[in-house]
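Residue numbering for the first sequence follows this note's numbering, beginning at 7 and increasing consecutively.
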Amino acid sequence: MKSLERNPLSGIFDRYIQGSSIFKNRECLRHDYVPEYLPHREDQITKLGLILAPTLRGYRCSNIFIYGKPGTGKTAVTRYVLKHLSRKSVEVNNPLKVCFINCRTVGTDYRILTYLCDSVGVKVPFTGLSKGEVFERFKNGLKSLGAILIIVLDELDVLVRKHGDDLLYRLTRVNEESECGKLVIIGISNDLQFKEYLDPRVLSSLSEEELVFRPYTAEELYDILLDRAKLAFNPGAFDEAALRLCAALAASEHGDARRALDLLRVSAEIAEREGATKIDENYVRMAQMKIEEDRVLEVLRTLPLHSKLVLASIFAIKRRGLNNRMMTGGIYEVYTELCSETGLEPLTQRRISGLIGELDALGIINAKVVSLGRHGRSKKIRLNIPMKTLRSFLSEDLRLNFVLEYSPKCLRGGQA
DNA sequence: CCTCCACAGGAAGCGCAGGAGT
DNA sequence: ACTCCTGCGCTTCCTGTGGAGG
């Protein structure tokens, strides 16, 4: 009995089951949630609606190319318009099909083709057929479908950069080849320069119509957050100042609505975990730090091993306060020692110099070339992320966590 | 004023992995 | 199964350089 009461989980679960004092509906803050109303995107919604409207009478409309920075509502607006369009098409009994594909998650030409086949009711094996064969089956499926198919290719720039515009070229030509098939392509891209990668024929066909999404201002972000907050939280669980801060922080980062919603969601989660009943500015600041730390940790985790060792060396030097050793040479010395400690073959100093440059470009460190006269030229290194973050990163890596307590021989007896 | 340190950073080339074409 | 090609990570070799100390 006693052990049951002491169970550390029981309190957490009980509180959860009793219901949150903050959240009413968490789903409303997710990225893929499409609300009933999208503030400050009326223009884009109207334009997209006008372009797509002919499909309701069975006519093919122009292909559309949509671009804008991340979190500017491209995907949300597209989903919103297509949702209403599909509904209407059922009403007027002029069915159309929609196939929504995110090129980042779907990844390859072949897998996109299987999705397309699926949407016209053709089953294809997930492997074994040539791309050409699958494409033929898709065209036949489209022909026998007899309806308009709207394909949305989200994050199209990712696909083209990885696999070229071959598939896109063939898709844009479907309408010219077969009279029966009616295909509308909506391409969405985060990257404005991506157009330069495209074959001019593909580009002209794809961007028969273009839609640009500019970043949201802080005011607009606030309106978006307010709408969502009313849906997601219980009355009185948030105040205006907290929302304004979320909006301002996200606006300073190219007006990213996704970022603003993340901030709000994480603030709420922290507040809830701390047993608070209201989200205030403090929680927003904590959320910003948490998001930033998570982002940095994610970058650190994906670094190549030797870059991690360089960072571990920087950690070891900084921990001992030996700022005068924070140069390429000093770091290289510690690095080679850590290598022999781990049983690794060290890379050359030239290469490490390059890796330091890469860490600088990533913003993890700050490397500045300085001249020390008689003592030559070198790069002065400054750590650009909190020591705490670096420490927790090192502690989770089994090969590197010994560095936390390690005192390099080459630094011993060294003056501060 | 000149020297010379301790690197920076460019150029070339090597071995390897993965993809495309046959 | 094979060749060829390309990109990547790395090494080797190299020339260039700002300024403290002679």
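Beta carbons are placed, not taken as given, at the ideal position from N, Cα and C, and that holds for glycine.
- Within its own chain, the residues whose Cβ lies closer than 8 Å to the Cβ of residue 292, once the five positions on either side in sequence are excluded, are 273, 276, listed in chain order.
- Residue 141: member of the alpha helix (DSSP H) spanning 137–151, first to last residue.
- Shown here, residue 126 sits in coil according to DSSP, grouped into three states, outside any helix or strand.
- DSSP places residue 105 within a strand segment (E or B) once states are collapsed to three.
- Membership of residue 383 in the beta strand (DSSP E) is indicated by the continuous run 383–389.
- Distance from the CA atom of residue 193 to the CA atom of residue 19, rounded to whole angstroms, is 44 Å.
- Counting the other CB atoms within 10 Å of its CB gives residue 349 a total below 16, which places it among the exposed residues.
- For residue 376, the CB contacts under 6 Å within the same chain, skipping 5 residues up- and downstream, are 386 in chain order.
- Between the C-alpha atoms of residue 410 and residue 142 there is a straight-line separation of about 59 Å.
- Residue 376: member of the beta strand (DSSP E) spanning 371–377, first to last residue.
- Rounded to the nearest angstrom, the gap between the Cα atoms of residue 340 and residue 417 is 8 Å.
- Assignment of residue 415 by DSSP, reduced to helix, strand and coil, places it in the helix class.
- A residue is called buried when at least 16 other Cβ atoms come within 10 angstroms of its Cβ; residue 311 does not meet this threshold and is exposed.
- Residue 333 sits buried, since 16 or more C-beta atoms from the chains shown fall within 10 Å of its C-beta.
- The distance from the Cβ of residue 157 to that of residue 119 is about 11 Å, inconsistent with a contact at the 8 Å cut-off.
- Judged by DSSP secondary structure, residue 49 falls within the alpha helix (DSSP H) whose first and last residues are 48–58.
- Nearest in C-alpha terms to residue 167, of all of 288, 195, 263, 68, is 195.
- Within the same chain, Cβ atoms closer than 8 Å to the Cβ of residue 294 are found at 255, 269, the five residues on either side in sequence being excluded.
- Annotation for residue 64: 100 place their beta carbon closer than 6 Å to its own, counting only its chain and skipping 5 residues before and after.
- In its chain, beyond the 5 residues on either side, 314, 318, 400 have a beta carbon closer than 7 Å to the beta carbon of residue 406.
- Per the DSSP secondary-structure output, residue 244 pairs in a beta bridge with 285.
- In this structure, the alpha-carbon of residue 398 lies about 33 Å from that of residue 31.
- Counting other Cβ atoms within 10 Å of its Cβ, residue 316 reaches 16 or more and is therefore classed as buried.
- Spatial neighbours of residue 169 in its own chain (CB-CB distance under 7 Å, excluding positions within 5 residues in sequence) are listed in chain order as 114, 115.
- Secondary structure at residue 163: helix, using DSSP grouped into helix, strand and coil.
- As the crow flies, the alpha-carbon of residue 309 is around 22 Å from that of residue 412.
- With 16 or more other Cβ atoms inside 10 Å of its own Cβ, residue 83 counts as buried.
- Per DSSP, the unbroken alpha helix (DSSP H) holding residue 394 starts and ends at 393–402.
- Residue 216 is bridged by DSSP to 71.
- Taking C-beta separations shorter than 7 Å and ignoring five residues to either side along the sequence, the partners of residue 125 in its chain run 103, 105, 155, following chain order.
- In the DSSP assignment, residue 409 falls outside any beta strand (DSSP E), carrying neither H nor E.
- Excluding five sequence positions before and after residue 200, the CB atoms of its chain that fall closer than 7 Å to its own CB belong to 163, 166, given in chain order.
- Residue 90 is positioned such that its CB atom lies no closer than 8 Å to that of residue 264.
- Assignment of residue 155 by DSSP, reduced to helix, strand and coil, places it in the strand class.
- Nearest neighbour of residue 298 by Cα position, chosen from 259, 93, 284, 60, turns out to be 259.
- DSSP, read as helix, strand or coil, puts residue 346 in helix.
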